[in-house]
Amino acid sequence: MSAAKGSALGLIDQQQCRLSELCDIVSYETDNPIKIPFAALMRTSEEITNKNKRALSFFLRYSNLKPIQNLFNRPGIFAVMDQEKRLKGSVTASNWRTFVDEERALRSASKVI
51 MSAAKGSALG LIDQQQCRLS ELCDIVSYET DNPIKIPFAA LMRTSEEITN
101 KNKRALSFFL RYSNLKPIQN LFNRPGIFAV MDQEKRLKGS VTASNWRTFV
151 DEERALRSAS KVI
């Protein structure tokens, strides 16, 4: 997971692939090697809400591949359920982890199907 830091993430919406950036990521211990809870700092224009109880599925986007090739040859998918909105200060690349509620991250991850 940490190797993905600084990578572009793709999100398929209708007929287009929209890009975001994975700036930093931290993963949490789990008994399930397939579903790994994480918190991430992302640069994105996507609206990430948990209103419909569905995760947004981001994948690593490689510029030398077409989006459909990325989907079929991906090393994994980042299922993003929610974003932290209870902020008491400015979030930066160096302090973002202090804003993460680990219990909330684990609860959100448990809801991903």
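Per the working numbering: the sequence shown = residues 51 to 163. In this text, a Cβ means the ideal position worked out from N, Cα and C, and glycines have one as well. Fair warning: this is a prediction, and the values are worked out from it, not measured in the lab.
Opening and closing residue of the alpha helix (DSSP H) in which residue i lies
{"i": "leucine 121", "result": "117-122"}
{"i": "serine 158", "result": "152-160"}
Those residues which DSSP pairs with residue i across a bridge
{"i": "serine 70", "result": "Leu59"}
{"i": "isoleucine 127", "result": "Phe109"}
First through last residue of the beta strand (DSSP E) which encompasses residue i
{"i": "arginine 93", "result": "88-93"}
{"i": "serine 107", "result": "106-110"}
Whether residue i touches residue j by CB criterion (7 angstroms)
{"i": "serine 70", "j": "threonine 99", "result": "no"}
{"i": "aspartate 63", "j": "leucine 91", "result": "no"}
{"i": "alanine 89", "j": "alanine 143", "result": "no"}
{"i": "glycine 60", "j": "proline 117", "result": "yes"}
Exercise. Given 8 angstroms as the limit, is there contact between the stretch 127-138 and the stretch 108-118, that is, 3 or more CB pairs closer than that?
Worked result: Yes, they touch.
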